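Note sheet for the following structure.
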Amino acid sequence: MQLTITLTSTKYQINKDIMVNSEQKICETLQILKEAGQINIAVGDEDKLRSMRTGMFVSKEFTYEEAGIFYGDILQIL
1 MQLTITLTST KYQINKDIMV NSEQKICETL QILKEAGQIN IAVGDEDKLR SMRTGMFVSK
61 EFTYEEAGIF YGDILQIL
């Protein structure tokens, strides 16, 4: 299932709406965006992700479905 989410970070000056497959791993999305020059290459493994809807941190190794990320969610890179 396709999701539209917002990826945001004040640290890296990111505020992007992106479409992803709910079965894709979050880390794969970040890698694709880095390779395409859409987000700062400095975004790394040590950075944490938080769902703004739930306030909970999510693992980048999870798929969006496993992490409980839904259509319209905002993921913040910290």
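For reference, each letter of the sequence shown is one residue, going 1 to 78 in the working numbering. Where a beta carbon is used, it is the ideal one built from N, C-alpha and C, also for glycine. All values reported here derive from a predicted model rather than from experimental measurement.
Out of the options, which one is the CA nearest neighbour of residue i?
i: Thr-54; options: Leu-75, Glu-65, Val-43, Lys-60; result: Leu-75
i: Tyr-12; options: Ile-69, Glu-23, Lys-34, Phe-70; result: Lys-34
i: Asn-15; options: Ile-5, Gly-44, Gln-24; result: Ile-5
i: Ser-22; options: Ile-77, Leu-78, Tyr-71; result: Tyr-71
i: Glu-28; options: Met-1, Ala-67, Phe-62, Gln-2; result: Phe-62
i: Asp-45; options: Leu-3, Leu-78, Gln-24, Ala-67; result: Leu-78
i: Met-52; options: Ile-32, Ala-67, Ala-42; result: Ala-67
Suppose you measure from the CA of residue i to the CA of residue j; what does that come to, to the nearest Å?
i: Met-19; j: Tyr-64; result: 11 angstroms
i: Gly-37; j: Leu-30; result: 11 angstroms
i: Ile-69; j: Ile-39; result: 20 angstroms
i: Ile-26; j: Lys-60; result: 5 angstroms
i: Asp-17; j: Leu-7; result: 6 angstroms
i: Leu-3; j: Gln-24; result: 11 angstroms
i: Val-43; j: Asp-73; result: 20 angstroms
Please work out which residues of its chain come closer than 6 angstroms, Cβ to Cβ, to residue i, disregarding the five sequence neighbours upstream and downstream, and give them in chain order.
i: Phe-57; result: Lys-48, Arg-50
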